[in-house]
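What follows is a single structure, written as structure tokens, with notes after it.
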Amino acid sequence: MAILHLETWEMYVVIITTGLSNLCMLPTVLRVLKRHPPCFGSIGVFGLIVSMCYHVAEALPDQQLFGLDEGQWHRLDNIASIGSFNAVFVYMCDIQDSHMRELLQLFQVSVVVVLQTHAPWDLRFTFFPLLFHLGLFLCKRFIAEKFFFQQSIHQKGWNRYSVKMALLWLIPALFCFVKGLDDQHDYLRIWHGLWHAFIGISCYYQCDMLQNVPLDYVTHKHSSLEV
8 MAILHLETWE
18 MYVVIITTGL
28 SNLCMLPTVL
38 RVLKRHPPCF
48 GSIGVFGLIV
58 SMCYHVAEAL
68 PDQQLFGLDE
78 GQWHRLDNIA
88 SIGSFNAVFV
98 YMCDIQDSHM
108 RELLQLFQVS
118 VVVVLQTHAP
128 WDLRFTFFPL
138 LFHLGLFLCK
148 RFIAEKFFFQ
158 QSIHQKGWNR
168 YSVKMALLWL
178 IPALFCFVKG
188 LDDQHDYLRI
198 WHGLWHAFIG
208 ISCYYQCDML
218 QNVPLDYVTH
228 KHSSLEV
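Heads up: the sequence shown is residues 8 to 234, going by this note's numbering.
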């Protein structure tokens with residue numbers, strides 16, 4: 008929901024609490040770009056940029072930034088947020104085939120774009136892609152690998168410390184997100200800014216929940232260095 012009728016000093020504070028607070032995600036984005044295939048890092052870069060632009064536009068008097076209004080930036084922010092969470096589920100699926108992994112990543116982003124273009128404020132089109140990819144992860148890791156492809160799939164173990172820390176920081180992140188949904192009682196959008204901070208820390212550990220990156224990506228990087 009757009010913020011209206013802000014005093015000048017309030018506008019700058021909101022730009023900091025909701026716009027610049029997205030920089031808490033920067034260490035995660037840099038880590039993903041360094042350690043993981045580009046199909047994961049690209050959605051992180053996109054999300055960081057559009058989220059900052061959306062929240063800055065939201066606070067400006069005319070709610071316009073770079074030719075797009077607050078609603079258009081909000082739609083892009085929805086796409087980036089849903090796509091980023093789906094990317095985490097794709098990562099946790101531990102798909103070793105690079106073509107299949109990138110195809111799934113491109114497919115999920117494409118579906119999110121279509122759904123958000125159709126009805127960006129319909130919660131069904133927010134939860135459907137999230138639940139679908141969560142279900143895909145659960146089926147692949149805990150059913151298919153356990154009962155059907157035990158010998159043919161190399162399954163990585165979990166980095167227990169990273170899993171624990173990711174979940175630990177996710178708790179205050181979700182609490183702040185829920186508190187921030189009530190715009191009327193979130194003066195200067197402080198709760199929403201805290202959501203950005205805590206989810207940024209959680210995501211930093213989320214991208215390291217598997218013990219190592221996909222095998223074919225490691226091989227490709229070593230081959231490139233040798234050349």
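By construction, the Cβ of each residue, glycine as well, lies at the ideal position given by its N, Cα and C atoms.
The way I'd put it, the segment 82 to 100 does touch the segment 39 to 57; three or more beta-carbon pairs between them come closer than 8 Å. The beta carbon of Cys210 sits closer than 6 Å to those of Thr35, all from its chain and outside the five residues before and after it, given in chain order.
In this structure, Asn93 keeps its C-beta atom at 8 Å or more from the C-beta atom of Ser58. Sequence-distant Cβ neighbours of Phe132 in its own chain, meaning closer than 6 Å and more than five residues away, are Leu122 and Ala126. Within the same chain, no residue comes within 7 Å of Tyr168 by CB-CB distance, once the 5 residues on both sides are set aside. For the 8 Å CB-CB criterion, Leu217 and Asn166 form a contact.
Of the residues assessed, Trp202 falls on the buried side of the cut-off, its CB having 16 or more other CB atoms within 10 angstroms. Under a 10 Å Cβ-count criterion, Thr15 is classified as exposed, with fewer than 16 other Cβ atoms of the shown protein chains found around its own Cβ. Per DSSP, Asn85 is one residue of the alpha helix (DSSP H) stretching across Glu77 to Cys100. DSSP places Gln191 within a helical segment (H, G or I) once states are collapsed to three. A buried status is given to Phe47, since no fewer than 16 other beta-carbon atoms sit within 10 Å of its beta-carbon.
DSSP, reduced to helix, strand and coil, places Leu72 within a strand of the structure shown. In the three-state DSSP reduction, Trp198 falls in the helix class (H, G or I). Annotation: His192 to Ile206 spans about 21 Å, alpha carbon to alpha carbon.
Rounded to the nearest angstrom, the gap between the Cα atoms of Ala180 and Ala204 is 8 Å. In the three-state DSSP reduction, Leu13 falls in the coil class, being neither helix nor strand. With 16 or more neighbouring CB atoms inside 10 Å of its own CB, Trp176 falls in the buried class.
For Ser58, the enclosing alpha helix (DSSP H) starts and ends at Pro45 to Ala66. Within 10 angstroms of the beta-carbon of Cys146 lie fewer than 16 other beta-carbons, which makes it exposed.
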